[in-house]
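Below: one structure, written as structure tokens.
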Amino acid sequence: MLKPGDLAPEFELESESGVVRSADLKGTRYVLYFYPADDTPGCTKEACSFRDSLQAFEALGVRVFGVSPQGLDSKRKFAAKYGLNFPLLADTDHKVAEAFGAWGERSLYGKKFMGVIRSTFIIGPDGRIEHVWEKVKPEGHAEEVLAVLRGEAAPKPKSKRKA
0 MLKPGDLAPE FELESESGVV RSADLKGTRY VLYFYPADDT PGCTKEACSF
50 RDSLQAFEAL GVRVFGVSPQ GLDSKRKFAA KYGLNFPLLA DTDHKVAEAF
100 GAWGERSLYG KKFMGVIRST FIIGPDGRIE HVWEKVKPEG HAEEVLAVLR
150 GEAAPKPKSK RKA
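Residue numbers (numbering that gives the first Met the number 0): 0 to 162.
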């Protein structure tokens, strides 16, 4: 997995609203978050968290992009179903995920397989990685990212215990 200070790999990926090129993002700060699959419970929570916080990201001048291996048809359906208001990038050959170190062995119900490792990167205007989250917990993740962008301490995970 890439680390802060590393130069972010160049990429060109299609989204439901057109092609997104890293070269076109130079000079801006952006968030690239990798998620395993469109319209699954954890990925939906994470995407909706970014959706609900998008105005705060925009106020900071930061764009948000979600990346997963499903194709454009899946991206369009996912975005429409949940009113997602930021580009979802189709990394169908998972080459971008591999370049960032967000592709590797995973385990589900005791079975091992290769797939996206849920992770997030803040990329600075100079094209260097500013911050990395590995093995992200989807719930409340957008707030963690915003806290770092604002220079604040990341919020503590919410307890699931009821008072």
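Ideal Cβ placement from N, Cα and C applies to all residues, glycine included.
(message) Can you check which of these residues, 71, 3, 140, 60, is closest to residue 86 by C-alpha distance?
(response) The shortest C-alpha separation from residue 86 is found at 71.
(request) Measure the alpha-carbon distance for residue 143 versus residue 47 and round it to whole angstroms. (result) 14 Å
(message) Looking only at its chain, what residues have a beta carbon closer than 8 Å to the beta carbon of residue 53, apart from the 5 residues adjacent to it on each side?
(response) 63, 84, 85
(request) Kindly indicate the opening and closing residues of the beta strand (DSSP E) around residue 27. (result) Residue 27 -> no beta strand (DSSP E), and no H or E assigned at all.
(message) For residue 121 and residue 56, what's the separation of their Cα atoms in angstroms?
(response) 12 Å
(message) Taking the straight line between their C-alpha atoms, what separation do you get for residue 36 and residue 50?
(response) When rounded, the distance between both Cα atoms is 17 Å.
(request) Output yes or no for whether 8 Å exceeds the beta carbon distance between residue 12 and residue 66. (result) yes
(request) Have a look at the DSSP bridge pairing and note the partners of residue 89. (result) 13, 67
(message) By alpha-carbon positions, which one of 42, 25, 106 ends up nearest to residue 138?
(response) 42
(message) Looking at residue 69: is its Cβ nearer than 8 Å to the Cβ of residue 98?
(response) No, these two residues do not count as a Cβ contact at 8 Å.
(message) Using a Cβ-Cβ cutoff of less than 8 Å, which residues in the same chain neighbour residue 159 once the five nearest sequence positions on both sides are dropped?
(response) Residue confidence is low: residue 159 scores 46 on pLDDT, short of 50, so the model does not pin down where it sits. No coordinate-derived value is stated.
(request) Using beta-carbon positions only, say whether residue 118 and residue 129 come within less than 8 Å of one another. (result) no
(message) Give the list of continuous alpha helix (DSSP H) stretches no shorter than 4 residues that lie fully inside the segment 116-149.
(response) 140-148
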